[in-house]
Amino acid sequence: MNSLVDNMLNFYNAINSSDELKQQSITVLNEFIENEKLVREFYEKYVNNNIDNIKVVMCGINPGRYGAGKTGIPFIDFNSLSELLQNIKRKDSERSAEFFYSIIKNYRAEKFYSNIYVTNICSIGFEKSKKNHNYYELSEAIKEIIYKNFLEKMKIINPNVIIPLSKEVEQTLKYLKSNGELKNVLIDEGLNHPYYCSIKTNWEKQFKNYISKLDKYIL
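For the sequence shown, this note's numbering gives the first residue as 30, with consecutive numbering after it.
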């Protein structure tokens with residue numbers, strides 16, 4: 030069985046070769062490929078040893094240009110990564126990651142990641158016309174490839190619960206479940222996407238919503 034990092038890299042190679050994306054002038058974000066060593070270091074420290082114990086997944090959309098699109102780690106920018114791993118000098122920041130890392134720090138990273146696996150429906154991010162382009166805006170043929178890869182990840186983790194982080198993700202998870210996938214998985218009531226939560230006027234309320242939800246799952 031491929032590791033979760035191998036799963037992501039194999040998917041990148043498959044999706045990056047798509048003629049359909051090229052024809053639509055959609056670029057596959059690839060900076061994280063240069064940081065593969067850091068991705069593997071993160072997974073070795075926080076994820077790999079916990080796979081058998083993790084029963085809850087938090088699931089976002091797909092990486093963005095300024096956060097996970099660079100680091101390869103969902104909802105983690107380089108500023109956050111510099112606190113999670115040693116010898117990271119970059120301090121690039123991104124709003125979604127700033128909010129999400131505040132949740133992680135509330136529990137401490139080791140405790141958080143020993144209970145929660147964080148991922149996206151699509152492991153890879155996209156850009157079109159110098160803007161983030163989300164998986165749900167892609168063709169049905171490409172989305173089916175994305176869903177297949179996501180389900181492969183879920184077979185590795187084998188969660189009991191998935192918490193969607195946006196209405197679009199919740200719709201996708203319910204679509205997959207209606208097609209006979211994720212049979213024994215509870216799709217919990219979703220939380221707002223961290224980008225929305227990062228808006229100053231939303232932060233305090235959304236932080237409390239996240240903590241209220243996660244307190245049920247983080248032991």
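Cβ coordinates follow ideal geometry from the N, Cα and C atoms, glycine included. Quick caveat: nothing in here was measured; it's all calculated off a predicted structure.
Could you give the C-beta distance for residue i and residue j, rounded to a whole number, given that I count them as a contact under 8 Å?
| i | j | result |
| --- | --- | --- |
| residue 227 | residue 128 | 4 Å |
| residue 216 | residue 86 | Contact doesn't hold; Cβ gap of about 10 Å is too wide. |
| residue 55 | residue 162 | 6 Å |
| residue 156 | residue 94 | 6 Å |
| residue 113 | residue 92 | At roughly 17 Å, the Cβ-Cβ gap does not stay under 8 Å, so residue 113 and residue 92 are not in contact. |
| residue 90 | residue 150 | 6 Å |
| residue 189 | residue 84 | 4 Å |
With a threshold of 7 Å on Cβ separation, who are the neighbours of residue i within its own chain once the five nearest residues in sequence on each side are excluded?
| i | result |
| --- | --- |
| residue 131 | 236 |
| residue 176 | 205 |
| residue 107 | 99, 100, 117, 119, 120, 121 |
| residue 124 | 224, 227 |
| residue 148 | 86, 88, 103, 182 |
| residue 220 | 192, 194, 238, 239, 242 |
| residue 164 | 90, 91, 150, 151, 172, 175 |
According to DSSP, residue i sits in a beta bridge with which residue or residues?
| i | result |
| --- | --- |
| residue 162 | 155 |
| residue 88 | 148, 193 |
| residue 215 | 190 |
| residue 57 | 155 |
Can you list, in chain order, the residues of its chain with a C-beta nearer than 6 Å to that of residue i? Leave out the 5 residues immediately preceding and following it.
| i | result |
| --- | --- |
| residue 247 | 136, 144 |
| residue 75 | 142 |
| residue 178 | 40 |
Should residue i go down as buried or exposed, given a rule of 16 or more other Cβ atoms within 10 Å for buried?
| i | result |
| --- | --- |
| residue 201 | buried |
| residue 182 | buried |
| residue 207 | exposed |
| residue 30 | At residue 30, the pLDDT of 41 sits below 50, so the modelled position is not reliable and the matter cannot be decided from this model. |
| residue 48 | exposed |
| residue 152 | buried |
| residue 180 | exposed |
| residue 233 | exposed |
| residue 139 | exposed |
| residue 158 | exposed |
Report all residues from its chain with a CB closer than 8 Å to the CB of residue i; omit the five preceding and five following residues, and keep chain order.
| i | result |
| --- | --- |
| residue 72 | 32, 33, 34 |
Handout entry: In chain order, each beta strand (DSSP E) run of at least 3 residues that lies wholly inside the stretch 89-117
Key = Runs found: none.
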